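Working notes for the structure below.
In the numbering used here, the protein residues as written are 547 to 1047.
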């Protein structure tokens, strides 16, 4: 059926809670989701749980998907993301079982071509651009005609053919680099014949029941919630870099020569790097850029923006990053994944701001650590420090401002023209909010509420002239949420940044 029918069914489910409409989508795509999950997780039991979690996510996000969404491509990407979240959360025993299962698959008497491709397929697809990946899923996972692929992608049949052929050639090159040399035609035949297999009997009924919330295991719901959070995290994030001005010495300046790493580009090929249009905080723009690592003094002195995304489903790596106008404290936070409140800086950090662009295949953070050490002599280690902290506790009965979660999931913060700030948080545990609370209060926050559920939060506050922003924020937490901050001291893990010889 055409993709418009998918979205009509999804809209009907979102609007009318139509079980029939949702069941039709499950029947249509359960094999695709299950097969992808099985390749990723390597365990049929895990694949079933991942499949249920993916359709729970679909049910939760039914009203939020745009009318032009290609549902098969969205489900494939969500399955990969959910499977990655599952694998990270499993204990080592589960990982060993996965490896043993994948080895057993390789030892089975499967067709030679598919046996060589299967262990590499999903990782290879992750390296394609979104449109190329959608083309492969439509053409060879769903076995649609080129005309149908073109309709789904909003292109002509000839354009769809070119897109599919180009994507196949990219897959062939990726496989070749991994030691598997096959023609594009052999790859196409193997993927078309083997990529989607039948899900276990009865899984569709289990999926529908789980998505309705009537029969999902606790582990499945946890998996779905975790994947939803990861999906929100991997979306484009543009935020002001939180500085640590009080720890900087004014006037300290370090002259940095621009440095490029570009495996296959000449210097003249880098002329695009001076075009501001290629420095947009837009994943679609960054995905089109050639493989480079650019680290230079900022050319955007009035901008502060950051975007990090990429192959989060594999080892939680982010292989794409763009930072504009970021200071040293922001670069340290990026490199070590640690917030500035729990970081101890040396007294003579440079005050310069920088631009960073990374589009190489690997995780960019180790390279950034190396750059910080080589350029500025900065390295960091974890250390227990006895510091002032804030204990988050329940101030009033039952914390009345913490509402049971509704149907949505997300996080939004705005500042009105009158200076009023507003934060809306949906479907989050209090333990997930400590980074936000620490950024607002400037001290490490330790959750001692004893509340372990997920909540919806809506908070408003405005700082009148002459009042402390910190005090106003803490009053809003107490008055609107029924929570309070109690000062104390405790040994806390701190990231200690030091100058190295």
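From the three backbone atoms N, C-alpha and C, an ideal C-beta is built for every residue, glycine too. Note that the structure is a prediction, hence the values are computed from the model and not measured.
Would you kindly work out how many angstroms separate the C-alpha atoms of residue i and residue j, rounded to a whole number?
i, j, result
"residue 744", "residue 618", "16 Å"
"residue 556", "residue 936", "45 Å"
"residue 1029", "residue 990", "16 Å"
"residue 997", "residue 1006", "22 Å"
"residue 690", "residue 884", "46 Å"
"residue 735", "residue 753", "30 Å"
"residue 615", "residue 682", "16 Å"
"residue 958", "residue 970", "5 Å"
"residue 713", "residue 679", "7 Å"
"residue 979", "residue 722", "45 Å"
"residue 977", "residue 1013", "28 Å"
"residue 608", "residue 560", "6 Å"
"residue 1016", "residue 766", "39 Å"
"residue 919", "residue 1046", "8 Å"
"residue 993", "residue 1021", "17 Å"
"residue 852", "residue 698", "32 Å"
"residue 627", "residue 588", "15 Å"
"residue 925", "residue 917", "10 Å"
"residue 909", "residue 1011", "45 Å"
"residue 986", "residue 1019", "7 Å"
"residue 684", "residue 672", "15 Å"
"residue 836", "residue 934", "46 Å"
"residue 665", "residue 579", "17 Å"
"residue 901", "residue 845", "7 Å"
"residue 1039", "residue 882", "13 Å"
"residue 1000", "residue 843", "42 Å"
"residue 888", "residue 1034", "15 Å"
"residue 620", "residue 553", "12 Å"
"residue 724", "residue 662", "10 Å"
"residue 877", "residue 911", "10 Å"
"residue 848", "residue 1041", "29 Å"
Between which two residues does the alpha helix (DSSP H) carrying residue i extend?
i, result
"residue 972", "Taken as a continuous stretch (DSSP letters only), residue 972 belongs to no alpha helix (DSSP H), being part of the beta strand (DSSP E) at 967 to 975."
"residue 590", "590 to 606"
"residue 888", "From DSSP, residue 888 is part of no alpha helix (DSSP H); its letter is neither H nor E."
"residue 992", "No alpha helix (DSSP H) holds residue 992; the beta strand (DSSP E) holding it covers 991 to 993."
"residue 678", "676 to 682"
Could you check if residue i is buried or exposed, using at least 16 other CB atoms within 10 Å of its CB as the buried criterion?
i, result
"residue 1036", "exposed"
"residue 868", "buried"
"residue 928", "exposed"
"residue 751", "exposed"
"residue 702", "exposed"
"residue 875", "buried"
"residue 981", "exposed"
"residue 716", "buried"
"residue 886", "buried"
"residue 973", "buried"
"residue 748", "exposed"
"residue 731", "exposed"
"residue 668", "buried"
"residue 688", "buried"
"residue 930", "exposed"
"residue 742", "buried"
"residue 719", "exposed"
"residue 865", "buried"
"residue 695", "buried"
For the beta strand (DSSP E) holding residue i, just list the boundary residues, first then last.
i, result
"residue 829", "Per DSSP, residue 829 belongs to no beta strand (DSSP E); it is in the alpha helix (DSSP H), 829 to 834."
"residue 843", "839 to 843"
"residue 1005", "1000 to 1007"
"residue 917", "Counting along the chain, residue 917 falls outside any beta strand (DSSP E), though it belongs to the alpha helix (DSSP H) covering 911 to 922."
"residue 873", "866 to 873"
"residue 900", "899 to 904"
Mind checking who residue i pairs with in its DSSP beta bridge?
i, result
"residue 708", "In DSSP, residue 708 forms no bridge with anything."
"residue 1029", "940"
"residue 553", "BP columns for residue 553 are empty, so no partner."
"residue 982", "Residue 982 pairs with nothing; no bridge assigned."
"residue 853", "868"
"residue 956", "972"
"residue 961", "967"
"residue 931", "1038"
"residue 1015", "Residue 1015 is not bridged to any residue."
Compute every distance between the C-beta of residue i and the non-hydrogen atoms of the ligand COA, then say whether any falls below 7 Å.
i, result
"residue 558", "You won't find the ligand COA in this model; it holds no ligand whatsoever."
Does residue i get closer than 8 Å to chain B when you measure Cβ to Cβ?
i, result
"residue 903", "The chain inventory of the structure shown lacks chain B, comprising one protein chain alone."
Legend entry - Any alpha helix (DSSP H) of 4 or more consecutive residues that is wholly inside the segment 565 to 589: 565 to 587
Legend entry - Those runs of the alpha helix (DSSP H) which lie wholly inside the segment 699 to 756 and span at least 4 residues: 703 to 723 and 730 to 740
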